[in-house]
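**Q** Encoded as structure tokens, here's the structure I'll be asking about.
Numbering (my numbering), first residue to last: 2 to 214.
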């Protein structure tokens, strides 16, 4: 059984590395627009592999999933509509089909990132507040990296090209709330693919930034 789990994590990790490496190469080739259009499928594959390596889909975990999927989408919709939460921004075409001016897959992205940060921060020997704050800090660090290349590749854009400080404050607050839910609900929270996926995301967006025209 353990050997089977190890093989599952290894195969999933290799798949994620290959897909993200292909994305870096493709986005910086003559087929840039084609590879950018595949971004939603990349997100769905990454989240799917993450859940494939999750153990125990009990009621608490399903509640967590639904809360982050729906909550993440709605907070983004409110943010785009009002410009008051994260600042004035709008989504480009790279993240695919939109509803209420927000890509449908954005809830999946929130779920994937919160799950990764929750799994990593859950290893800390600390109380719920400190673990949630540590996880939120991981997500803000990743967002700060993504923001540097997002407008160039059509993910989203900011008014006058300025990323407001409130964006990072809001990211921390929203992430903290989701992570409090993650750490407070009773479901299995060990997933060896989660830290791998977080690191792959860091490397991917670092390379994307380095290759930015």
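Even for Gly, the Cβ is constructed at its ideal location relative to N, Cα and C.
Kindly list the residues whose CB is nearer than 7 Å to the CB of residue 79, restricted to its own chain and excluding five residues on each side of it in sequence; keep chain order.
**A** Within the chain shown, numbered from 1, the residue matching residue 79 stands at position 78. For residue 79, where only same-chain residues beyond five positions count, the Cβ hits under 7 Å are 86.
**Q** Just mark residue 75 as buried or exposed, buried being the case when its beta carbon has 16 or more other beta carbons within 10 Å.
**A** One-based indexing of the chain shown puts residue 75 at position 74. Under this definition residue 75 is an exposed residue.
**Q** According to the Cβ coordinates, are residue 178 and residue 120 closer than 8 Å?
**A** As a working note, residue 178 is residue 177 in the chain shown. As a working note, residue 120 is residue 119 in the chain shown. No, the Cβ-Cβ distance between residue 178 and residue 120 is not below 8 Å.
**Q** Can you grab the Cα-Cα spacing for the pair residue 84 / residue 73, in whole Å?
**A** Within the chain shown, the letter at position 83 stands for residue 84. Within the chain shown, the letter at position 72 stands for residue 73. Straight-line Cα distance between these residues: approximately 16 Å.
**Q** Could you check how far apart the C-beta atoms of residue 139 and residue 118 are, in whole angstroms? I think they sit under 8 Å.
**A** Residue mapping note: residue 139 aligns to position 138 of the chain shown, counting from 1. Residue mapping note: residue 118 aligns to position 117 of the chain shown, counting from 1. The Cβ separation is near 5 Å, so the contact holds.
**Q** On the premise that residue 50 lies in contact with residue 100, defined as a C-beta separation below 8 Å, what is that separation, rounded to the nearest angstrom?
**A** By 1-based counting over the chain shown, the position of residue 100 is 99. By 1-based counting over the chain shown, the position of residue 50 is 49. With 8 Å as the limit, residue 100 and residue 50 do not qualify as a contact, their Cβ atoms being about 25 Å apart.
**Q** Cα separation between residue 150 and residue 169?
**A** Indexing the chain shown from 1 puts residue 150 at position 149. Indexing the chain shown from 1 puts residue 169 at position 168. Straight-line Cα distance between these residues: approximately 16 Å.
**Q** Here's the rule: buried if 16 or more other CB atoms are within 10 angstroms of the residue's CB, otherwise exposed. What is residue 13?
**A** Numbered from 1 along the chain shown, position 12 holds the residue referred to as residue 13. Buried, by the Cβ-count rule.
**Q** Assign residue 57 to one of two classes, buried (16 or more other C-beta atoms within 10 Å of its C-beta) or exposed (fewer than that).
**A** The count along the chain shown starts at 1 and reaches residue 57 at position 56. With fewer than 16 other Cβ atoms within 10 Å, it is exposed.
**Q** Could I get the ranges of all uninterrupted beta strand (DSSP E) runs contained in the segment 53-125, with 3 residues as the minimum, in chain order?
**A** DSSP runs (the beta strand (DSSP E)) wholly in the segment 53-125: 90-92.
**Q** Apart from the five residues just before and just after residue 158, which ones in its own chain have a Cβ nearer than 7 Å to its Cβ?
**A** Counted from its first residue, the chain shown places residue 158 at position 157. Excluding sequence neighbours, residue 158 sits near 90, 91, 93 and 152.
**Q** Assign residue 158 to one of three DSSP states: helix, strand, or coil.
**A** Here residue 158 is taken as the residue at index 157 of the chain shown, counted from 1. Residue 158: strand per DSSP, three-state reduction.
**Q** When the Cα atoms are used, what is the spatial distance from residue 185 to residue 132?
**A** On the chain shown, position 184 is the one that residue 185 refers to. On the chain shown, position 131 is the one that residue 132 refers to. Each residue's Cα considered, the two are about 11 Å apart.
**Q** Quick one: residues in its chain with C-beta nearer than 6 Å to the C-beta of residue 29, no 5 flanking neighbours on either side, listed in chain order?
**A** Within the chain shown, residue 29 is the residue found at index 28, counting from 1. Excluding positions up to five away in sequence, the list reads 212.
**Q** Give the straight-line distance between the Cα atoms of residue 37 and residue 24, rounded to the nearest whole angstrom.
**A** For the purposes of this step, residue 37 is taken as residue 36 along the chain shown, with counting starting at 1. For the purposes of this step, residue 24 is taken as residue 23 along the chain shown, with counting starting at 1. Each residue's Cα considered, the two are about 8 Å apart.
**Q** My output table needs one value for residue 5: the three-state DSSP class, helix, strand or coil.
**A** In the chain shown, residue 5 corresponds to position 4, counting from 1. Three-state DSSP puts residue 5 in a helix.
**Q** DSSP state of residue 33, grouped into three classes?
**A** Looking up residue 33 in the chain shown gives position 32. Looking at residue 33 - three-state DSSP - the assignment turns out to be helix.
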